[in-house]
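Data first, discussion second: the structure below is written as structure tokens.
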Amino acid sequence: MNFSIIDIGIIIGYIILSILIGFWISKRANKNLQNYFLGGNQLKWYFLGLSNGSGMFDISGTAWTVTILFVYGVKSVWIPWLWPVWNQIFIMVFMAVWLRRSNVMTGAEWITTRFGNDKGGRLSHIIVIIFAIISAIGFIAYFFVGIGKFAVTIFPWDLSLTIGSIHIISEYMYATILLALTTLYVIKGGMYSVVATEVMQFFVMTIACISVAWFAMTHVSAEEINAAVPNGWFDIMPSWNTSLDWTGIFDQVNDKIAQDGFGMLGALVMMMFFKGIFSSLAGPVPGYDMQRVLSTQTPRDAAKMSGLTSLVLYPPRYLMVAGLAVLGLVFVAPTLKAGGGEIDFEKILPYVINNLLPVGLKGIILAGLLAAFMSTFSAFVNSAPAYIVNDLYKRYINPHASDKKYIRISYIASIGIVIVGIIFGFFSASINSLTLWITSSLYGGYVAANVLKWVWWRFNGYGYFWGMLAGLAGSTVKFLFFPNTPDIYIFPIILLMASVGSFLGCLLTKPVDDETLIEFYKNVRPWGWWKPVHDKARKVYPGLTKNKDLARDSFNIFVGIVWQMTLIVAPIYLVVRHYNGLIISLVLLVITSVILKYNWLDKIKDYEPS
Numbered sequence: 010m011n012f013s014i015i016d017i018g019i020i021i022g023y024i025i026l027s028i029l030i031g032f033w034i035s036k037r038a039n040k041n042l043q044n045y046f047l048g049g050n051q052l053k054w055y056f057l058g059l060s061n062g063s064g065m066f067d068i069s070g071t072a073w074t075v076t077i078l079f080v081y082g083v084k085s086v087w088i089p090w091l092w093p094v095w096n097q098i099f100i101m102v103f104m105a106v107w108l109r110r111s112n113v114m115t116g117a118e119w120i121t122t123r124f125g126n127d128k129g130g131r132l133s134h135i136i137v138i139i140f141a142i143i144s145a146i147g148f149i150a151y152f153f154v155g156i157g158k159f160a161v162t163i164f165p166w167d168l169s170l171t172i173g174s175i176h177i178i179s180e181y182m183y184a185t186i187l188l189a190l191t192t193l194y195v196i197k198g199g200m201y202s203v204v205a206t207e208v209m210q211f212f213v214m215t216i217a218c219i220s221v222a223w224f225a226m227t228h229v230s231a232e233e234i235n236a237a238v239p240n241g242w243f244d245i246m247p248s249w250n251t252s253l254d255w256t257g258i259f260d261q262v263n264d265k266i267a268q269d270g271f272g273m274l275g276a277l278v279m280m281m282f283f284k285g286i287f288s289s290l291a292g293p294v295p296g297y298d299m300q301r302v303l304s305t306q307t308p309r310d311a312a313k314m315s316g317l318t319s320l321v322l323y324p325p326r327y328l329m330v331a332g333l334a335v336l337g338l339v340f341v342a343p344t345l346k347a348g349g350g351e352i353d354f355e356k357i358l359p360y361v362i363n364n365l366l367p368v369g370l371k372g373i374i375l376a377g378l379l380a381a382f383m384s385t386f387s388a389f390v391n392s393a394p395a396y397i398v399n400d401l402y403k404r405y406i407n408p409h410a411s412d413k414k415y416i417r418i419s420y421i422a423s424i425g426i427v428i429v430g431i432i433f434g435f436f437s438a439s440i441n442s443l444t445l446w447i448t449s450s451l452y453g454g455y456v457a458a459n460v461l462k463w464v465w466w467r468f469n470g471y472g473y474f475w476g477m478l479a480g481l482a483g484s485t486v487k488f489l490f491f492p493n494t495p496d497i498y499i500f501p502i503i504l505l506m507a508s509v510g511s512f513l514g515c516l517l518t519k520p521v522d523d524e525t526l527i528e529f530y531k532n533v534r535p536w537g538w539w540k541p542v543h544d545k546a547r548k549v550y551p552g553l554t555k556n557k558d559l560a561r562d563s564f565n566i567f568v569g570i571v572w573q574m575t576l577i578v579a580p581i582y583l584v585v586r587h588y589n590g591l592i593i594s595l596v597l598l599v600i601t602s603v604i605l606k607y608n609w610l611d612k613i614k615d616y617e618p619s
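Below you can see the structure in the form of structure tokens.
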């Protein structure tokens with residue numbers, strides 16, 4: 010990549026600023042584990058919301074989103090429903106409040122408040138710890154490979170190194186250095202340093218996003234965009250088929266659509282909605298998103314923080330995505346077509362940065378993307394050691410150690426997780442398989458047991474343990490024997506297997522003891538099938554009321570999904586100068602915001618009366 014001294018100065022200045030902020034704020038983290046991992050529950054919800062949004066803005070996801078917008082047009086906003094992106098709305102509407110009412114430090118510790126401390130409770134507790142640690146290590150390995158490939162396109166220096174017969178390529182050296190620098194301030198300051206640097210990184214990313222959108226809008230006209238795309242590219246509604254024909258414009262894109270398996274987009278959206286409901290009801294996986302919820306001061310703050318995450322993440326991100334896609338359509342597509350052969354559409358982002366952006370703006374964009382990496386990586390590094398220290402070391406090994414001892418162990422755990430992740434990263438040939446196994450198997454087996462834990466009183470720790478294992482086994486079989494079948498179409502089978510394991514595991518064993526169930530129900534107050542527990546709890550807590558908010562929560566989720574979609578679509582329509590779509594999006598944004606203000610925000614309760 011061609012660099013000026015100005016671009017290099019911006020990037021290096023950003024890295025130095027991140028480290029300085031992390032160290033400056035670190036003194037507040039060393040009092041105890043609560044301060045180190047949760048910021049002592051004293052961090053303001055709006056800082057945590059900015060931090061959470063920053064942590065979800067990653068380089069690989071941005072490159073992929075640019076590609077699908079380039080290929081599928083505005084319809085591409087439906088494809089992230091694969092996760093689904095609107096699980097954040099479920100967390101915002103009710104899940105964050107339920108989680109925060111538990112007053113725990115980690116997702117594994119939360120499990121004990123639900124299933125108790127008998128053998129079943131311990132099994133469920135251990136499997137959550139395993140899930141959290143393995144997924145964190147896998148993602149650190151993924152970050153190692155990803156940032157290495159990205160860094161060699163940013164920095165002009167060759168850092169390759171030969172030690173005896175071992176040759177370490179330049180991208181591995183860059184990755185090791187960047188991971189080490191980020192780990193340094195995370196270890197030093199815990200959650201305080203993570204949030205402080207991520208808030209700064211959010212503003213760096215936002216400046217970068219606005220700059221890209223502005224550059225694209227001033228260098229590409231609406232007429233040029235219209236000439237570069239097929240009919241239907243600006244349509245948002247998902248027809249049964251994509252209805253996009255690139256023949257005569259960019260023929261190879263038709264092959265890309267066929268290869269992705271997204272041709273029947275209407276059917277895919279229906280399947281994604283079905284899967285998304287169950288995935289979202291399961292709640293956040295034990296990681297940085299859950300940790301932000303548990304770090305807030307009150308349950309109401311947890312809900313507001315989750316709502317702010319969508320508000321601050323999507324508009325700036327999609328300004329950048331739309332700007333890069335527009336520049337790619339008009340300036341990069343002719344070059345890709347002229348090159349012939351197999352086309353790697355994911356090279357659109359680096360090509361635009363390298364060849365189209367001017368001096369200064371290039372440095373800002375690269376600093377913003379580097380900030381995206383550092384914020385996502387730091388969130389994982391801070392969240393995973395909490396499970397090792399609080400849920401393993403403190404609970405099973407040394408429950409009476411001093412706070413200083415626990416924090417020193419936290420340092421060791423953080424460094425250990427990063428080192429193990431880097432070791433896996435060096436075996437980059439197998440990282441793709443490792444990442445797919447984590448995302449498809451671990452996450453695929455997570456759903457059934459984690460839905461039942463919220464809504465059914467009879468569900469116990471054994472059911473949770475065997476449900477997780479059954480889902481994991483089904484997902485692993487899919488990955489090993491049916492690797493080319495899209496995960497979304499196998500999901501109903503995996504869900505069935507996990508459900509059978511969950512029901513058999515709990516119905517063949519004793520229920521959770523009444524004391525644990527009553528305390529959990531009194532604190533969290535979920536809706537669902539809790540009548541037997543509610544009746545017993547009323548004898549202990551006469552003022553206890555039943556949660557009757559299911560209908561309102563369901564309506565707010567529907568409104569919230571529309572609200573979130575407008576935050577995604579409006580920036581795209583702005584950049585492509587499709588003003589009818591922009592006006593409709595903004596009108597819907599105002600309407601849904603007003604509804605959520607009065608039907609969600611004003612009715613959030615920190616704790617129910619008991």
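Start counting the sequence shown at 10; every next residue gets the next number (our numbering). Idealized CB from N, CA, C, for every residue including glycine. Here the structure is a predicted model, which means the values were calculated and not measured.
Sequence-distant residues of its chain with Cβ nearer than 6 Å to residue i (five each side left out)
i: Ile463; result: In the sequence as presented, Ile is not what sits at residue 463; that position holds Trp. Closer than 6 Å at the Cβ level, and outside the excluded window around Trp463, lie Pro535.
i: Tyr402; result: Ile418
i: Met477; result: Ile136, Gly454, Ala458
i: Thr74; result: Val330
i: Leu445; result: Here Leu445 scores only 49 on pLDDT, less than 50, and its place in the model is too uncertain to base an answer on.
i: Gly483; result: Ile503, Met506
i: Gly58; result: Met314, Leu317, Thr318
i: Phe211; result: Leu59, Ser63
i: Gly590; result: Tyr582
Rounded separation between residue i and residue j - CA only
i: Val203; j: Gly241; result: 43 Å
i: Thr518; j: Ala311; result: 35 Å
i: Lys414; j: Gly62; result: 32 Å
i: Tyr473; j: Ser392; result: 22 Å
i: Ser13; j: Ser288; result: 46 Å
i: Trp539; j: Trp466; result: 5 Å
i: Leu595; j: Trp572; result: 10 Å
i: Ile604; j: His543; result: 31 Å
i: Asn126; j: Ile142; result: 21 Å
i: Ala237; j: Thr601; result: 34 Å
i: Val154; j: Ala560; result: 45 Å
i: Cys515; j: Tyr471; result: 6 Å
i: Leu322; j: Val208; result: 12 Å
i: Leu624; j: Val361; result: Outside the shown range of the chain, which is 10 to 619, sits residue 624, and nothing can be said about it.
i: Asp523; j: Pro247; result: 48 Å
i: Gly172; j: Leu317; result: The question names Gly, but residue 172 is Ile in the sequence shown. About 48 Å.
i: Lys612; j: Asn565; result: 11 Å
i: Phe633; j: His134; result: Lying outside 10 to 619, the shown extent of the chain, residue 633 is not represented and no answer is given.
i: Thr554; j: Val86; result: 40 Å
i: Gly292; j: Phe140; result: 14 Å
i: Leu277; j: Asn250; result: 10 Å
i: Ile421; j: Thr191; result: 15 Å
i: Asn441; j: Phe148; result: Note that Asn441 has pLDDT 44, beneath the 50 cutoff, so the model's placement of it is unreliable and the number below is only indicative. Taking the straight line from one Cα to the other gives about 11 Å.
i: Ile28; j: Ser387; result: 12 Å
i: Phe490; j: Phe79; result: 32 Å
i: Phe159; j: Ala72; result: 11 Å
Close Cβ partners of residue i (< 7 Å) along its chain, the five nearest in sequence each way excluded
i: Ile373; result: Ile19, Ile216, Ala217, Ser220
i: Val549; result: Ile527
i: Leu7; result: Any answer about residue 7 is impossible in this case: the structure gives the chain only from 10 up to 619.
i: Gly22; result: none
i: Asn532; result: Arg110, Ser111
Rounded Cβ spacing between residue i and residue j (contact assumed at less than 8 Å)
i: Val195; j: Glu180; result: Contact flag wrong, Cβ pair sits at about 22 Å.
i: Thr305; j: Met299; result: Actually they are not in contact, since the Cβ atoms of Thr305 and Met299 sit about 11 Å apart, beyond 8 Å.
i: Ile156; j: Leu187; result: 6 Å
i: Ala507; j: Tyr530; result: No, Ala507 and Tyr530 are not in contact; Cβ-Cβ is about 24 Å, not under 8 Å.
i: Trp90; j: Met281; result: 4 Å
i: Gly31; j: Ala184; result: Incorrect: roughly 19 Å between the Cβ atoms, too far for contact.
i: Ala222; j: Val456; result: Going by Cβ atoms, the distance from Ala222 to Val456 rounds to 36 Å, so no, they are not a contact pair.
i: Trp475; j: Gly510; result: 4 Å
i: Ile34; j: Ala205; result: 4 Å
Same chain, Cβ closer than 8 Å to residue i, five either side skipped, listed in chain order
i: Ile245; result: Val83, Lys84, Val86, Val578, Gly590
Those runs of the beta strand (DSSP E) which lie wholly inside the stretch 481-562 and span at least 3 residues: none
Contiguous alpha helix (DSSP H) assignments of at least 4 residues, all confined to the stretch 119-171: 128-163
Cβ contact check for the stretch 363-372 and the stretch 101-121: 3 or more pairs under 8 Å: no
At least three beta-carbon pairs within less than 8 Å, the stretch 255-266 to the stretch 63-72: no
Entirely enclosed alpha helix (DSSP H) segments - the stretch 190-276, minimum 4 residues: 231-237, 261-269
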